[in-house]
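Following: one structure in structure tokens, then a few remarks.
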Amino acid sequence: MDKPAKFYITTPIYYVNARPHIGHTYTTVACDAIARRQRMMGMDTFFLTGTDEHGQKIERSATAAGCSPQEFVDQIAAEFRQLWDRMKLSYDDFIRTTEPRHVRGMQALFTRLQERGYIYKGSYSGQYCVFDELYVDAAGPGAPCPECGRPTETVQEENYFFKLSAMEDRLLKLYAEQPDFIRPETRRNEVMAFVRSGLRDLSVSRTTFKWGIPVPGDPKHVIYVWLDALANYITAIGFGSDDPKDKKKFERYWPADVHMIGKEIVRFHCVYWPAFLMAAELPLPKAIVAHGWLLFEESKMSKSRGNIVRSETILDTIGADPLRYFLLREIVFGSDGSFSFDALVERFNADLANGLGNLSSRTLSMITRYFEGEIPHPSKERSADDEAVAALAGQTISDFNAQFEQFQFSRALETAWGLVSAVNKYIVENEPWALAEKPGQDARARLATVLYTAAEALRIVTVLAHPVIPESTARIWQQLGLGNIERFDLRGLKWGQLQLGTKIGKVEPVFPRADKSTIERMQQMEQEGSTTSQNKSQAAESEPAGTGAQAGQRATEAAVTPAVDAKATPVPGVATGNKITIDDFLKVELRVGEVKVAEKVKGADKLLRMEVDIGSEVRQIVAGIAKAYEPEKLVGRKVVIVANLQPRKLRGLESQGMIVAASLGDDGVPVLAGFLEDVPVGAKLK
Ligand code: MSP
């Protein structure tokens, strides 16, 4: 027998300097739904996700959190994995870029690029955006990054360069010959315009930090994080390994069928990645599919904006399936879409509780009541209504499949739910409960036909929706008496397959209605969660709201302290869930200081250099507060400082602590913390 065809799908690997939120969940759920559906179509499917763990951003976050980069990434990566497991995401492998298999594979790729003459040594001097991990065209020291607006840093280094400029024509040819390589069309056009405007060689190593994969034979350099990250798609399936099993795996699954990504990382995937692969003489992925952003309160949900919603909150209240359904139904794939708790609950009640849930419970409970729990035989005589439901079901199957194939999840679900509404209406119009009261064979036969028709339509919607809402559809399938839904071969789905006489299972509601209190609970959980994470990031952070290390960054956007694993019973001194213990808090040494000297830092319009007396000593502190405070007005002022932070260098000046401030608005305008009463210099805060 021939081997089944293969299907390889990937998510981006997520940075571990942020905890997972529903933006990450969105991409992962979309891939999970595709992977599940492919498996049900008989494909040998491989679904990969993972974490991106190297780079200066992560190194700094770890330092800020007071742990080693490895400890730091271990904890956050574990959180991602735990969340994906809780959500029953059916990934086949989880790659971490700090794993030996990745390091080995990445180095093999680097060597391969060198051997083929695509990597050379050169030097670079210019602006670097740490947030984007990218060299950028910015005016000069401190100038904003053209990609994200954050202040850039000036770097001068000797680097390895990749000959990206040599790939221009080949890339343009690729986009022209394979129009489906980049989807949707709008992204393809953007990428083509970018490449047409000219490509410069790309620096693919760094010497300014250590947390990365060493360049083979020249360990002073670490490999550029984006090259490192992109390579995960091949290292995870065995590239670079000598083990014959790995080699076979690579041959089997590469090239990927779909790299699913968010729209902000299109350039890396559609320009750099194919260029690296072409240079390495490796096959190219078949498609790169970019979705839009999940917005919350009108702006992109992201840690830097401090407007994230955690998936756990939704899991703990209405469960994973409602979130999955919402994300794929509500957001038109490819466009941006908004998330709100109200919309989530509204969708849940309308489509799941009242729609599918109602169809399932009324149909199955009437079969239990009137036919002792056995799927009844429909009569040979069919009314126009019965025929219409059967015809609509057939149409639904083919439309749903076509739309899903085109990544139009929202339309596909709308199609399937068109059948749900039609059948609910059919039930109401045919009044099986009234038929059951009528005496005579005809009424009994009609009752059997109506319930058979409803149950068969329910079966079809259930199996179509399974990849999107796996848990609840598996339960409905069980209640229909059909066993394990995952074993169903979707390729053969058609009307009339429901076995007559099938004994249905115990009927239980699958989607209990949510109400206002559910929304309130979710909002409260988020508030509690975000306050704690804000506190954490303040305590752990190296680059807070213009108050310390890196000027211009917002307080909510820097490091997160890795959470201690949540245990069911809180143990004194051990953090649970998103809370920290008093012991954690007490690790942060907050003290009252008095500003003795304050002056602007030359060439950095946001930075002030201060000398702050903290009682036991005078500390030099460099902080990004120059836009909000005149240096003269600060002298003599009492401030709060974090006294036990590791020192950092900024513009060559050592900053020996951080000043605590509130961060206001989108620009993170700093407002220094202070006291109404007089407090002595050096006093501790707790
Ligand atoms: N580490 C890189 C990717 C390397 S892939 C070789 C990265 N990581 S990330 O943690 O920032 O994750 C980015 C991805 O998370 C996005 O491309 C998208 O898939 C998902 N999303 C994160 N926030 C999102 C929204 N607010 N909305 C939709 N998707 C979001 O970039």
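Just add 1234 to the spot in the sequence shown (first one is 1) and you have the numbering used here. Yeah, the Cβ is synthetic: ideal placement off N, Cα and C, and Gly gets one too.
CB of residue i within 8 Å of CB of residue j, strictly
{"i": "residue 1395", "j": "residue 1290", "result": "no"}
{"i": "residue 1760", "j": "residue 1441", "result": "no"}
{"i": "residue 1938", "j": "residue 1858", "result": "Since the displayed the chain opens at 1235 and closes at 1920, residue 1938 lies outside it and no answer follows."}
{"i": "residue 1739", "j": "residue 1713", "result": "yes"}
{"i": "residue 1855", "j": "residue 1869", "result": "no"}
{"i": "residue 1593", "j": "residue 1260", "result": "no"}
{"i": "residue 1921", "j": "residue 1438", "result": "The question about residue 1921 has no answer, for the chain in this structure spans 1235 to 1920."}
{"i": "residue 1446", "j": "residue 1288", "result": "yes"}
{"i": "residue 1435", "j": "residue 1407", "result": "no"}
{"i": "residue 1679", "j": "residue 1617", "result": "no"}
{"i": "residue 1556", "j": "residue 1586", "result": "yes"}
{"i": "residue 1247", "j": "residue 1331", "result": "yes"}
{"i": "residue 1576", "j": "residue 1753", "result": "yes"}
{"i": "residue 1747", "j": "residue 1661", "result": "no"}
{"i": "residue 1571", "j": "residue 1529", "result": "yes"}
{"i": "residue 1634", "j": "residue 1732", "result": "no"}
{"i": "residue 1362", "j": "residue 1389", "result": "yes"}
{"i": "residue 1510", "j": "residue 1535", "result": "no"}
{"i": "residue 1433", "j": "residue 1399", "result": "yes"}
{"i": "residue 1685", "j": "residue 1320", "result": "no"}
Residue i classed as buried or exposed, judged by whether at least 16 other C-beta atoms fall within 10 angstroms
{"i": "residue 1735", "result": "exposed"}
{"i": "residue 1667", "result": "exposed"}
{"i": "residue 1816", "result": "exposed"}
{"i": "residue 1749", "result": "exposed"}
{"i": "residue 1910", "result": "exposed"}
{"i": "residue 1583", "result": "buried"}
{"i": "residue 1393", "result": "buried"}
{"i": "residue 1208", "result": "The structure shown does not extend to residue 1208, since the chain is modelled only from 1235 through 1920, so no value can be given for it."}
{"i": "residue 1695", "result": "buried"}
{"i": "residue 1623", "result": "buried"}
{"i": "residue 1876", "result": "buried"}
{"i": "residue 1727", "result": "buried"}
{"i": "residue 1658", "result": "buried"}
{"i": "residue 1303", "result": "buried"}
{"i": "residue 1508", "result": "buried"}
{"i": "residue 1888", "result": "exposed"}
{"i": "residue 1373", "result": "exposed"}
{"i": "residue 1533", "result": "exposed"}
{"i": "residue 1578", "result": "buried"}
{"i": "residue 1828", "result": "buried"}
{"i": "residue 1269", "result": "buried"}
{"i": "residue 1891", "result": "buried"}
{"i": "residue 1453", "result": "exposed"}
{"i": "residue 1513", "result": "buried"}
Distance cut-off 7 Å: residue i Cβ against heavy atoms of the ligand MN
{"i": "residue 1286", "result": "The ligand content of the structure shown is limited to the ligand MSP, which means the ligand MN is not among them."}
*Can at least three beta-carbon pairs, one atom from the region 1421 to 1431 and one from the region 1491 to 1501, be found at a separation below 8 Å?*
Yes, the region 1421 to 1431 is in contact with the region 1491 to 1501.
_Is it the case that the region 1305 to 1317 contacts the region 1466 to 1483, given that we only count it when at least three CB pairs across the two stretches are under 8 Å?_
No, they do not touch.
_If we require 4 or more residues per run, which alpha helix (DSSP H) segments fall completely within the region 1668 to 1715?_
Complete alpha helix (DSSP H) runs here, min 4: 1675 to 1699 and 1704 to 1713.
*Hey, is the region 1607 to 1621 in contact with the region 1676 to 1695, meaning 3+ C-beta pairs nearer than 8 Å?*
These segments touch.
*Which runs of the beta strand (DSSP E) spanning at least 3 residues fall entirely within the region 1263 to 1337, listed in chain order?*
Listed in chain order, the complete beta strand (DSSP E) runs (minimum 3 residues) inside the region 1263 to 1337 are 1278 to 1286 and 1327 to 1330.
_Cβ pair count under 8 Å reaching 3, the region 1344 to 1352 against the region 1362 to 1369_ = Contact fails between the region 1344 to 1352 and the region 1362 to 1369, because fewer than three Cβ pairs, one in each stretch, are under 8 Å apart.
*Taking the runs of the beta strand (DSSP E) that are 3 residues or longer, which of them lie wholly in the region 1504 to 1546?*
Along the length of the region 1504 to 1546, whole beta strand (DSSP E) runs at least 3 residues long occupy 1522 to 1525 and 1528 to 1530, reported in chain order.
*Just checking, does the region 1242 to 1258 make contact with the region 1482 to 1495 on the three C-beta pairs under 8 Å criterion?*
These segments touch.
*Sufficient close CB pairs (3 or more, under 8 Å) joining the region 1274 to 1283 to the region 1466 to 1474*: Counting C-beta pairs closer than 8 Å gives three or more between the region 1274 to 1283 and the region 1466 to 1474, which meets the contact rule.
*Would you call the region 1695 to 1715 and the region 1669 to 1677 in contact, with 3 or more CB pairs under 8 Å?*
Segment contact: the region 1695 to 1715 against the region 1669 to 1677, fewer than three CB-CB distances shorter than 8 Å; contact not assigned.
*Please go through the region 1420 to 1454 and give each complete alpha helix (DSSP H) segment of 4 or more residues, from N-terminal end onward.*
If we require 4 residues or more, the region 1420 to 1454 turns out to have no alpha helix (DSSP H) run fully inside it.
*Please confirm if the region 1562 to 1573 is in contact with the region 1632 to 1648, defined as three or more CB-CB distances below 8 Å between the two stretches.*
Taking 8 Å as the limit for Cβ pairs, the verdict is that the region 1632 to 1648 does touch the region 1562 to 1573.
*Touching or not, the region 1512 to 1524 and the region 1404 to 1420, by the rule of three or more beta carbon pairs under 8 Å?*
With contact defined as three or more Cβ pairs closer than 8 Å, the region 1512 to 1524 and the region 1404 to 1420 are in contact.
*Quick one: which unbroken beta strand (DSSP E) runs of 3-plus residues sit fully inside the region 1845 to 1900? Chain order, please.*
Taken in chain order, the complete beta strand (DSSP E) segments of 3 or more residues contained in the region 1845 to 1900 are 1852 to 1857, 1872 to 1876, 1882 to 1884, 1887 to 1889 and 1895 to 1898.
_Touching by the beta-carbon criterion (3+ pairs, under 8 Å), the region 1244 to 1253 and the region 1291 to 1301_ = When Cβ pairs closer than 8 Å are counted between the two stretches, the region 1244 to 1253 is seen to touch the region 1291 to 1301, the count reaching three or more.
*asked:* Quick check for students: name the residue ranges of the alpha helix (DSSP H) that lie wholly in the region 1341 to 1367, counting only runs of 4 or more.
replied: Restricting attention to alpha helix (DSSP H) runs no shorter than 4 residues, the region 1341 to 1367 encloses none.
*asked:* My parser needs the alpha helix (DSSP H) runs of 4 or more residues fully inside the region 1567 to 1626; what are they?
replied: Runs of the alpha helix (DSSP H) inside the region 1567 to 1626: 1575 to 1581 and 1592 to 1605.
*Length-filtered (4 minimum) alpha helix (DSSP H) runs lying within the region 1466 to 1506*: With a minimum length of 4 residues, the continuous alpha helix (DSSP H) runs that stay inside the region 1466 to 1506 are 1466 to 1469 and 1478 to 1487.
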